[in-house]
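K.L.:
full-length UniProt numbering puts the last residue of the sequence shown at 123; the count rises by one with no breaks. Below is one structure. I have some questions about it.
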Amino acid sequence: MSAAAAAAGGGPGGDGSSNRPAPGGAGSVQGDSIILEEEIDPNYVPTEEEVMEYAKWLGMDLDKDRGMFWIAKEGLKAPLPEHWKPCKTVDTEEIYYFNFLTGDSTWDHPCDDYYRKLYEEEK
């Protein structure tokens, strides 16, 4: 998947890019990572290209599933769940997500599975 055109975690390209609004600026450094703050722009509207890219990544057929693109739009605007923070590796500057309550980490946005399952249920 993919943040406001460039940024926040795993994604369709599988390269750590995301269409979601980008994490905020540098935060505190913890070992080999920088803990970032998520900055959600309340006026952020995903572009058609971002929606299509994320919809495809969720498994949607871009022709047949256009009526479900609302799921992709919603997913692109989803804030991180409680206790999750975006982090950036110091050496490669890749974005990943860390849950400070459970110790879990993931390259993909923690809400991606929810939106993938929602799509599967709705189709």
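The beta-carbon is built from N, C-alpha and C at its ideal position, and this holds for glycine as well.
In the DSSP assignment, find the alpha helix (DSSP H) that holds tryptophan 57 and state where it starts and stops.
P.N.:
By one-based count along the sequence shown, residue 57 stands at place 57. Note, tryptophan 57: alpha helix (DSSP H), 48-58.
K.L.:
Report yes if the C-beta distance between tryptophan 84 and glutamate 94 is below 9 Å; otherwise report no.
P.N.:
Counting from one through the sequence shown, the residue named residue 84 turns up at place 84. Counting from one through the sequence shown, the residue named residue 94 turns up at place 94. Going by C-beta atoms, tryptophan 84 is not nearer than 9 Å to glutamate 94.
K.L.:
Can a CB atom of chain D be found closer than 9 Å to the CB of glycine 75?
P.N.:
No chain D is present in this structure, which holds just one protein chain.
K.L.:
Distance check for phenylalanine 69 and leucine 62, CA to CA, integer angstroms please.
P.N.:
For the purposes of this step, residue 62 is taken as residue 62 along the sequence shown, with counting starting at 1. For the purposes of this step, residue 69 is taken as residue 69 along the sequence shown, with counting starting at 1. Distance between the alpha carbons of leucine 62 and phenylalanine 69: 9 Å.
K.L.:
So who's on the other strand from lysine 73, going by DSSP bridges?
P.N.:
Here residue 73 is taken as the residue at index 73 of the sequence shown, counted from 1. Its beta-bridge partners do not exist; DSSP assigns none.
K.L.:
Compute the distance between the beta-carbons of isoleucine 34 and lysine 88, then report whether it is under 9 Å.
P.N.:
Residue mapping note: residue 34 aligns to position 34 of the sequence shown, counting from 1. Residue mapping note: residue 88 aligns to position 88 of the sequence shown, counting from 1. Their beta carbons are under 9 Å apart, which means isoleucine 34 touches lysine 88 by this criterion.
K.L.:
DSSP three-state call for glutamate 38: helix, strand or coil?
P.N.:
Your numbering for residue 38 matches position 38 in the sequence shown. Correct three-state label for glutamate 38: strand.
K.L.:
If you follow the beta strand (DSSP E) that tyrosine 44 is part of, which residue opens it and which one closes it?
P.N.:
Mapped onto the sequence shown, residue 44 falls at position 44. Counting along the chain, tyrosine 44 falls outside any beta strand (DSSP E), and DSSP gives it neither H nor E.
K.L.:
Opposite lysine 85 in the DSSP bridges: which residues?
P.N.:
If you number the sequence shown from 1, residue 85 lands on position 85. Looking at the DSSP output, lysine 85 shares a beta bridge with Phe98.
K.L.:
Can you tell me whether proline 51 is buried or exposed? The criterion is at least 16 other CB atoms within 10 Å of its CB, across all chains shown.
P.N.:
Locating residue 51 in the sequence shown gives position 51, where the first residue counts as 1. For the sequence presented, residue 51 should be read as valine rather than proline. By the neighbour-count rule (16 or more Cβ atoms within 10 Å), valine 51 is buried.
K.L.:
Determine the direct distance from the alpha carbon of lysine 123 to that of glutamate 38, and round the result to whole angstroms.
P.N.:
Within the sequence shown, residue 38 is the residue found at index 38, counting from 1. Within the sequence shown, residue 123 is the residue found at index 123, counting from 1. CA-to-CA, the gap between glutamate 38 and lysine 123 works out to about 31 Å.
K.L.:
How is the alpha helix (DSSP H) around leucine 118 delimited, first residue to last?
P.N.:
Here residue 118 is taken as the residue at index 118 of the sequence shown, counted from 1. Looking at the DSSP string, the run of the alpha helix (DSSP H) that includes leucine 118 is 112-122.
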